[in-house]
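Notes for the one structure printed next.
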Amino acid sequence: MQAINRVNDEFSTCGQISVAELPEIAASGFRSVICNRPDNESPDQPSYVDIETAARHHGLQFAYLPVVLDSIGPADVSAFANLIKTLPAPVLGFCRSGKRADTLYAASRR
78 MQAINRVNDE
88 FSTCGQISVA
98 ELPEIAASGF
108 RSVICNRPDN
118 ESPDQPSYVD
128 IETAARHHGL
138 QFAYLPVVLD
148 SIGPADVSAF
158 ANLIKTLPAP
168 VLGFCRSGKR
178 ADTLYAASRR
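Numbering (the working numbering), first residue to last: 78 to 187.
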């Protein structure tokens, strides 16, 4: 499984996850997953729909908020903050490396 960076009790980040990792993610106590990686960013990544389907199958809530790191704006931060308020915690945010998820979380706390 991907290395998970625990930010606090509410939120953690990691790089790209696979469908096969979702049972372990659910068993680790996460209740929600946010995908910040746009589909088709690289040819080997699973689609967000495949991740969402597997996440829901394992009892996880799922949200898709794709962003490009250099283009994150106030609307993205606001949407992310709303997800953090409404999704059951703890939440796992992921993208290719975890940086976008971490950036959005930090910006949403300001």
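Even for Gly, the Cβ is constructed at its ideal location relative to N, Cα and C.
Taking the continuous alpha helix (DSSP H) assigned at residue i, which residues delimit it?
i: V145; result: No alpha helix (DSSP H) holds V145; DSSP gives it neither H nor E.
i: V126; result: Y125 to H134
i: P100; result: L99 to A104
Are residue i and residue j closer than 7 Å when you measure CB to CB?
i: V145; j: D153; result: no
i: C172; j: A178; result: yes
i: F107; j: Y182; result: no
i: Q138; j: L99; result: no
Can you tell me whether DSSP reads residue i as helix, strand or coil?
i: V155; result: Note that residue 155 is Ser in the sequence shown here, rather than Val. Of the three classes helix, strand and coil, the one that applies to S155 here is helix, per DSSP.
i: S185; result: helix
i: L202; result: No answer is possible for residue 202: it lies beyond the span of the chain, which begins at 78 and ends at 187.
i: D179; result: helix
So the beta strand (DSSP E) residue i belongs to, where does it begin and stop?
i: L169; result: V168 to F171
i: I111; result: S109 to C112
Rounded to the nearest angstrom, how far is the Cβ of residue i from that of residue j, given a contact under 8 Å?
i: G170; j: I102; result: Their Cβ separation, rounded to whole angstroms, is 12 Å, which puts G170 and I102 out of contact at 8 Å.
i: C91; j: A80; result: 6 Å
Residues bridged to residue i by DSSP?
i: S89; result: R83 and L169
i: Q138; result: S109
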